[in-house]
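Just so you know, we're using our numbering here: the sequence shown kicks off at 362 and counts up by one.
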Amino acid sequence: MAQSEPTAPLDGPGAAMLDALFSQSLVGLHLLDTDLRVVRVNTATPAMRDVPVEDVVGHRVDEVYGLLDADEVMALVRGVLDSGVPLVAHIVRAHRRGDPGHQYFHEISVFRLETPSGDVLGLAVAVVEVTEREESRAREVVLEMTREHVGRTLDVLETCQELVDVLVPRVADIAVVEVVDAVLRGDHPPLAPLPRDVPLRRAAFRSAAGGGGTGTDADAPQAHPLGDVRALPGPTPYTQALSDLRPRAVASLDEDLPWLAADPARARAIRAAGAHTLITAPLTVRDTVLGLISLYRTRQGEPYDEDDVSLLLQVADHTALSIDNARRYTREHTIAATVQRQLLPRRPSSHPALETTPLLLPPDSGGQWYDTIPLSGARTGLAVGGVVGRGLHAAAVMGQLRTVVRSLAAFDVEPDELLARLNDTATFLAAERATLPTADPLHRQALAARFAYAVYDPLTLTCTVAGAGSPSLVVVHADGSTEVRNVPAGSLLGSEDKTPFAATAFTVPEDSLLILSDTPLPALVASGDADALRRLAEQHRGRPLEDLRDDVLYALAGSAEPGPTALLLVRTHPFPADRVGVWQLPDTPTVVATARRLVRDRLADWGVERETAHDTELIVSELVTNAVRYGSPPLELRVINDRALTCEVRDGSASTPRLRHASVADEGGRGLFIVAQLAQAWGTRYTPEGKIIWTEQNPPPG
């Protein structure tokens, strides 16, 4: 080690200045020998005045001062002595003599002292008390953690738990949050002062002896268990804080406090936990009361002071806003779920050849929907969809789109044409949304929806499907084989993409299981023979459809990829052959009488009452007459005894019949008018070979 320049001996003015430094310095100074014993110390700082000099000189610092981490501090000091590397601005905690309940912070810097020749003389230690700075810094840390960790979810209970996790053990040894019970349901909070009979729910609890130690919060003493709902007895500091919206700090929780008798359960918990100081503050937003925070100290000796009160008020303000946001979300979520339940069908429509059950994910977001629509000719329309977004606005758009789907389906349009017309409506709604004021949140949210629509015909065993977005259709056959049908993907409803929609048709054997989804099913169709899909294929026969729905839900929940938002499970059954009559008719005028006789005999076999049978004969007579006069062969007559008594006449012409109101002098033109009067519903359905005129009457008895 290089020798430094020699210095003048400390005598005369130098010695006097050194004495003045030790007696007048505002920084605590210690000189330690190589055994870490104090050789000299100043007494000017508050930390040193409490200990007489004679009790310090000749002793190690850990023997004199109440260091909380004595072993760690002494190891660091000895490391400086051994290595010569200074320790600068290290924070140590200590208790002062005569004040063991209060914790003080000191910043120490340690330097090794050497002679010009390199011999180690000892250590110099500079000490500065930084209690106020560190406590202020600790409060800032708590505030920062509160802003970062509290209110991350739109859930009231989760927000309350996040709060107590931040406060214990940094500010309190025990933290309790109680929330007005109505707030958890999304209702408006009551105005202050809080009435005595308003119940509060214990929403969150944390104890340093429980969650922060080796035990659990359940082991820590509590006045009431989590989830308990009751009004607060009074008068107590808690009820007073909820009355005037001012915090209350109790420096000493001794037995003589009169208000403890007003709340015996809380008094017992305070005594059992050993709590000695309390601070409680209301959770308020705009003069309404959301709840109450109560903090207790059991291990930390110092009582709460004004700085702690100020900290808690800032924490309470942030938490109250987070709880109110969660409450508003809960309210809107509840309203959206209620609207969705009212807009969705109460139950899927039943059919002799079809049973269905829906699965919405999530079930109460407001934007997902399903539908089963009875169509002419014993067919059924199957619809699943989801509006992008959540909440009440998504539910409202869902209701609008579902109504349009029902209306379009009544016109017997093909799935691809239905999607094109539905997209026109969605585009119109999106354009309306774009014209909203820029301050409206919906102005910045593009309207888009996923949708899949299929039509199943149990008489021809065909299914025609089209979709907007990326729909999927899985078919599980009766023999256990499975296939994933390629549904043509189209643009989302309401998007600016003008890609035309396409439909695909395929045969669906009897006793098959169909899973129609508005989005892909990665958990089921990743490889075409995934375990979940294979289990469905092996187990679907003979099991209730609701059980299969649960199996699908479990499979989707275990997938790491995003799943669908809405799907419909469909099981097909054979349509009873004795409930259908089909006849090929010659293209001659005399065929009308033959058609009437055929229908009359079949209705008699079905036990249809005489008046309905007579009306049906008239309907068949008019329809066959029109087909012979204005249509083209081949002609086919079909009657179906299903949810309605259906008559269908097929011909090879694509010309559209028109309902006329004939005048008194007209000899014709009354055929469709008569049909419309006798039938409950009638319409035209076009096929590649021509058209079908159909009518429906009230279902026959049995």
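Where a beta carbon is used, it is the ideal one built from N, C-alpha and C, also for glycine. Because the structure is a prediction, the values reported are computed rather than measured.
Residue i versus residue j - alpha carbon distance
i     : j     : result
V845  : V837  : 9 Å
D911  : P937  : 30 Å
A800  : G752  : 19 Å
A891  : S671  : At A891 the pLDDT is 49, less than 50, meaning the model places this residue with poor confidence; the figure from the coordinates comes in the next sentence. Looking at the two C-alpha atoms, the distance is approximately 59 Å.
L769  : Y1047 : 14 Å
D777  : P870  : 23 Å
P554  : L524  : 24 Å
L379  : L390  : 11 Å
R932  : R707  : 19 Å
C521  : M506  : 14 Å
L618  : G652  : 24 Å
A863  : T955  : 41 Å
E972  : T733  : 31 Å
L392  : H463  : 27 Å
A792  : Q701  : 24 Å
D858  : T880  : 18 Å
F383  : L474  : 17 Å
Y665  : T659  : 12 Å
A584  : L909  : 46 Å
E496  : P530  : 14 Å
R961  : E1009 : 15 Å
L674  : A381  : 46 Å
A757  : G728  : 8 Å
L606  : A642  : 8 Å
A698  : N686  : 18 Å
T638  : G746  : 57 Å
I1054 : S856  : 36 Å
S655  : V611  : 11 Å
T718  : V913  : 12 Å
S852  : R557  : 57 Å
R785  : V765  : Note that residue 785 is Asp in the sequence shown here, rather than Arg. Distance between the alpha carbons of D785 and V765: 10 Å.
W944  : T986  : 15 Å
P588  : R805  : According to the sequence as given, residue 588 is Gly; it is not Pro. The straight-line gap from Cα to Cα measures roughly 39 Å.
A376  : S386  : 15 Å
R494  : G483  : 30 Å
H456  : Y915  : 58 Å
A1015 : G760  : 34 Å
A564  : E539  : 5 Å
Assumed close pair residue i, residue j - CB separation to whole angstroms, cut-off 8 Å
i     : j     : result
R763  : L704  : 6 Å
R1004 : G1051 : At roughly 25 Å, the Cβ-Cβ gap does not stay under 8 Å, so R1004 and G1051 are not in contact.
A536  : R567  : 5 Å
R957  : E978  : 5 Å
L930  : L946  : Between L946 and L930 the Cβ distance is about 40 Å, and since that is not below 8 Å, they are no contact.
Y817  : T741  : 5 Å
V981  : L998  : 7 Å
V399  : V434  : Contact flag wrong, Cβ pair sits at about 14 Å.
L614  : A636  : 6 Å
P582  : W620  : Actually they are not in contact, since the Cβ atoms of P582 and W620 sit about 19 Å apart, beyond 8 Å.
Q1038 : N1059 : 14 Å between Cβ atoms; not a contact.
V418  : V489  : Wrong, their Cβ atoms sit about 21 Å apart, outside the cutoff.
Nearest residue (CA-CA) to residue i, options the options
i    : options                   : result
T321 : R794, L929, A988 and E983 : In the structure as shown, the chain starts at 362 and stops at 1063, and residue 321 therefore has no counterpart that could be examined.
E663 : T986, V527, D534 and V540 : D534
T492 : R513, L682 and H467       : H467
R562 : R707, V541, A757 and H549 : V541
R498 : I452, V537 and L518       : I452
A807 : L790, A813 and V816       : L790
A485 : G760, S470 and L715       : S470
G325 : E716, R689 and A612       : No information on residue 325 is available, as it lies outside the stretch 362 to 1063 that the chain covers here.
R439 : H420, V418, F472 and L882 : F472
R689 : T986, L545 and G828       : L545
E667 : H456, L621, D908 and P608 : P608
A839 : N403, L656, A565 and S873 : S873
T868 : T823, N847 and L1033      : T823
L504 : T600, A612, D669 and V538 : D669
D939 : G830, R963 and D580       : R963
A829 : G750, S878 and A569       : S878
A602 : A626, A565 and I640       : I640
Where are the beta strand (DSSP E) runs, 3 residues long or more, that stay fully inside the segment 611-658, in chain order?
638-646 and 649-658
Count Cβ pairs between the segment 536-550 and the segment 644-652 that sit closer than 8 Å; are there 3 or more?
yes
Indicate whether the contact test is met: 3 or more Cβ pairs, each with one atom in the segment 506-514 and one in the segment 666-680, closer than 8 Å.
In this structure the segment 506-514 touches the segment 666-680; the number of beta carbon pairs closer than 8 Å is three or more.
Ranges of the alpha helix (DSSP H) found wholly within the segment 396-451, counting only runs of at least 4:
407-410, 422-425 and 431-444
Fully enclosed by the segment 974-1054, which beta strand (DSSP E) runs are 3 residues long or longer?
996-1002, 1006-1012 and 1042-1048
Sequence ranges, alpha helix (DSSP H) only - wholly within the segment 918-954, length at least 4
For the segment 918-954, there is no continuous alpha helix (DSSP H) assignment of 4+ residues that stays within its boundaries.
Uninterrupted alpha helix (DSSP H) stretches inside the segment 764-819 (no shorter than 4 residues)
776-795
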